[in-house]
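In full-length UniProt numbering, the protein residues as written are 1 to 151.
In this text, a Cβ means the ideal position worked out from N, Cα and C, and glycines have one as well.
Remember, it's a predicted structure, so these values are computed and weren't measured experimentally.
Each remark here refers to the structure printed beneath this line.
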Amino acid sequence: MIRRRSSRSSPARHRAAASPAPCRESGAHPSLAPACPPALWSVGGLKTVKGVGVDRRTDGRSELEQGAQFPDAYGKELFDKANKHHFLHSLALLGVPYCRKPVWAGLLLASGTTLFCTSFYYQALSGDTSIQTLGPVGGSLLILGWLALAF
Numbered sequence: 001m002i003r004r005r006s007s008r009s010s011p012a013r014h015r016a017a018a019s020p021a022p023c024r025e026s027g028a029h030p031s032l033a034p035a036c037p038p039a040l041w042s043v044g045g046l047k048t049v050k051g052v053g054v055d056r057r058t059d060g061r062s063e064l065e066q067g068a069q070f071p072d073a074y075g076k077e078l079f080d081k082a083n084k085h086h087f088l089h090s091l092a093l094l095g096v097p098y099c100r101k102p103v104w105a106g107l108l109l110a111s112g113t114t115l116f117c118t119s120f121y122y123q124a125l126s127g128d129t130s131i132q133t134l135g136p137v138g139g140s141l142l143i144l145g146w147l148a149l150a151f
């Protein structure tokens with residue numbers, strides 16, 4: 001007669017699986033202990049991993065906005081304008097699946113936003129006007145994207 005193994009496992013296995021393994025920060029030998037999971041920070045309901053991406057400050061502004069060195073007041077104005085357009089056209093991309101030609105509308109809006117805002121961000125942060133000619137090209141693509149979204 002063939003006996004099947006019981007599907008129940010021993011209580012010792014459950015206890016061993018429930019105890020967490022020590023991590024490297026606990027003082028165990030580095031080659032034997034697994035790496036600790038990254039520390040999560042919660043700021044304003046947004047969970048971020050410490051050391052990854054842009055850390056949010058308590059007043060809601062990012063580190064870039066607090067520490068960015070603009071060459072002049074015009075650079076700050078350009079950055080704000082690019083940020084406004086970037087936000088507006090990112091919201092417009094949410095309506096792309098509901099239009100008649102979603103591929104064209106999405107492609108034109110995304111590429112237009114990229115070219116238009118990139119030229120403004122670059123000029124605002126560096127003061128260099130060499131890629132300033134991308135702004136009108138991106139603006140034209142944005143106009144075509146809005147037309148594809150509307151019709």
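Around Trp104, the same chain offers Ala148 as residues with beta carbons nearer than 6 Å, after the five sequence neighbours per side are excluded. Distance between Gly112 and Ser140, taken at the CA atoms: about 7 Å.
Straight across, the Cα-Cα distance linking Phe70 with Phe116 is about 19 Å. For Tyr122, the enclosing alpha helix (DSSP H) covers residues Pro102 to Ser126. At the C-beta level, Tyr121 and Phe87 stay beyond 8 Å of one another. By alpha-carbon distance to Ala150, the top candidate from Ala73, Pro102 and Asp72 is Pro102.
In the three-state reduction of the DSSP assignment, Phe79 falls in the helix class. Under the criterion of beta carbons closer than 8 Å, Gly75 and Gly135 do not qualify as touching, at roughly 15 Å.
Assignment of Phe70 by DSSP, reduced to helix, strand and coil, places it in the coil class. Judged by their CB atoms, Gln123 and Thr129 are nearer to each other than the 8 Å cut-off. The beta-carbon separation of Leu109 and Leu91, rounded to 10 Å, does not stay under the 8 Å limit for a contact.
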